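If you want the numbering used here, it's the position in the sequence shown, counting the first as 1, plus 5.
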Amino acid sequence: MYMFKMLAVVWWLLAGLTAAGQDNITLLFAGDVMNNKPQLTAAYRPATDTYDYHTCFQYIKPVIEEADVAIANLELTLPGKPPYTGFPLFRTPDVMANALQYAGFDALVTANNHANDSGPEGVLHTIEVVRGLGFLQTGTFKDSSDRKLHCPLLIEKNGFTIALLNYTFHTNGINTTPPVIVSRIDRKQIAADVAAAQNLAADLIVAFFHWGEEYKNTENAYQREWAQTAANLGVDLVIGAHPHVVQPVKMLTAKRPDGTQKQVPVAYSLGNFISNAISTNTSVGLMLQTRLTRDTLTCHTTVSEMRYLPVWRYLETKVANKRIKNTYYALPASAFGADTMNLLQMAPAPFKQLTDALALARRVLQGSIAAEKYTTVKQVFGKEWENLACNALENRQQKQQPRALIATLKSAEPPITGALSEPSTENATSTSTGKTYKIQFMACRTANLTNHPFDNVSIEKNEQGWYRYLSGNFTSASAAQKHLQKVKLKGYDQAFIAMYENNRRLN
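Set out below in structure tokens:
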């Protein structure tokens, strides 16, 4: 009986750990944080002679904050003083680090080919700035004593201990001036760092490499060789950067020194996170989300889930006070690529580049071990979404309808709160002339979706290959407004009125 009680207590404790969520953790990895000359110009505030990058990350921030730990590659230096420059020497104002903190990142890796762009003083100042803001940081170090303290970098969260390592294959021919250190890819050093991480009982060892050939969507032999070497030496997860484009996410079979084998995921290149890249290929990057799970009985930790989130660099250009104003954004691509409301009022040309870039990233990742994680504009904007959607619909209607129709919509009867029945055919038209209205309740990539609560649904395919799902068919704007409220009561908060004239879609 005593033994039974003891077992019951153990199971109760384990169940408590599971209920508290202490047996899993999500890590999010982002690619290259760049800052070229046009980005400097866009971030400059002449009225105060300062720079501000916070706006760049306002739409990606909600996605980053969902992760327990978010890590990015800082591919620039913070010299602390002008001149501030872009390529070939990335010298960036310190406030870039403040913006990354605002975005929700917890750790930054700094060993890359531009680490020495501001000389040893720049290496030192970059470290001091990011650590001073509370970031965990590794890859570059003040001196050998500092390296011992911050390599491996231990990240502790939710009862897990993650060891983070960071190495670069070169520094663009600019030598590292002692006492500062930039970690280079070296078998002996990696083996020593992995051993140190194992001695510290790390649950997972992550190596973030700067390597590969720029602008190639496939990894090269050098990347494959070092990924395999790192995995064999004991690294549990390999993340890559530098090519500035998306590369595959694959699984390696590691042969460990003790004779055991282990499956090790490798993301060869996450591409750009924020940059001035103008081509379709370089304008899109990845954030890679990994979930670690600990078996509460064996205490064994595994990578239980890998998902990728395409990130697209959006350059918004507006004219204010007779001057052109550019703003760079990192956008969750799947959310804005499916935004039929066009909440950002994106022009047709950049929207096409967004959808092309998203399609390209998906082609590169096809067959990879990571599945895509989708986001929506509603998740991005949160409580602001409803007002933005209403404003977008009103703006669209003002452009595409007579003012009399807007007045009719505004004076429509109050929402009906009863159960939604089959779409009403009252005021429906069977002719091919005049204005008609339908309710678009969703858009997706398949024309075979049946798990929705509506009958008599019509489906249209738009120019981007998305299928629009529509309910109802009305000649009265008032009737359409009533049905819209019914559709929303069924949970389709993003539904809106689609307008037609002579069977031609107007919005």
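Heads up, the beta-carbon is just placed ideally off N, CA and C, and yes, glycines get one too. A quick note: this is a predicted structure, and the numbers were derived from the prediction, not measured.
Span separating the alpha-carbon of residue i from that of residue j
i	j	result
GLU427	ASN478	Confidence at GLU427 is low in this model, with a pLDDT of 38, below 50, so the placement of that residue is unreliable and no value is reported for it.
ALA366	VAL316	10 Å
MET256	ILE210	16 Å
GLU468	LYS388	30 Å
THR181	PRO98	22 Å
ALA375	VAL254	6 Å
ALA201	GLY264	20 Å
SER435	PRO353	Low confidence applies to SER435: its pLDDT is 36, below 50, so where it sits in the model is not reliable, and the reading given next is rough at best. Spanning the two alpha carbons is a distance of roughly 33 Å.
SER150	LEU94	28 Å
VAL324	LYS66	26 Å
GLY178	ILE132	21 Å
THR301	VAL308	15 Å
ASN118	THR173	7 Å
GLN266	LYS221	30 Å
ARG299	THR455	38 Å
HIS247	GLY217	6 Å
ASN432	PRO270	Legend: pLDDT at ASN432 = 41, less than 50; position of this residue unreliable, no value from coordinates given.
TYR227	GLY139	34 Å
LEU511	GLN294	39 Å
LEU205	LEU489	59 Å
GLN203	ASN41	39 Å
PRO87	SER274	31 Å
Residue environment, residue i, which counts as buried when at least 16 other CB atoms sit within 10 Å
i	result
GLN44	buried
ASN171	buried
ILE69	buried
PRO262	exposed
VAL114	buried
GLY439	exposed
ARG192	exposed
THR143	buried
THR285	buried
ASP122	buried
PHE92	exposed
GLN486	buried
GLU80	buried
GLU219	exposed
SER188	buried
ASN237	buried
Own chain, CB closer than 6 Å to residue i, minus 5 neighbours either side, in chain order
i	result
ALA448	THR345, TRP471, ARG473
TYR505	THR441
TRP390	LYS383
Same chain, Cβ closer than 7 Å to residue i, five either side skipped, listed in chain order
i	result
PHE62	ALA104, TYR107, ALA108, ALA335
PHE278	ALA35, GLY36, ASP37, VAL38, ALA77, GLY290, VAL316, ALA335
GLN268	MET256, THR258
GLN358	THR285, SER288
ARG318	ASN277, ILE279, SER280, ALA282, SER288, TYR333, ALA335
VAL134	LEU83, ASP99, ALA102
TYR58	ALA48, VAL100, MET101, ALA104
Cut-off 8 Å between Cβ atoms - residues of its own chain near residue i, not counting five sequence neighbours on either side
i	result
VAL185	PRO125, VAL128, LEU129, THR145, PHE146, LYS147, ASP148
VAL74	ILE30, THR31, LEU32, LEU33, ASP111, ALA112, ILE160, LYS162, ILE167
GLU377	ARG312, TYR313, LEU314, PRO315, SER339, ARG367, LEU370
Residue i - DSSP class collapsed to helix/strand/coil
i	result
TRP216	coil
GLN228	helix
LYS330	strand
GLU80	coil
GLY124	helix
TYR497	coil
VAL243	strand
PHE34	strand
ALA364	helix
GLU71	coil
TRP471	coil
ARG50	strand
GLN252	coil
GLN233	helix
LEU154	helix
ALA207	coil
MET137	In the sequence on display, residue 137 carries Gly and not Met. Helix, per DSSP.
ALA116	coil
THR131	helix
Any non-hydrogen atom of the ligand GDP within 7 Å of residue i CB
i	result
GLN228	Absent from the structure shown: the ligand GDP. Ligands present: none.
Output the residue ranges of the beta strand (DSSP E) runs that lie fully inside the stretch 273-305 and measure 3 residues or longer, sorted by chain position. Qualifying beta strand (DSSP E) stretches, in chain order: 277-279, 289-299.
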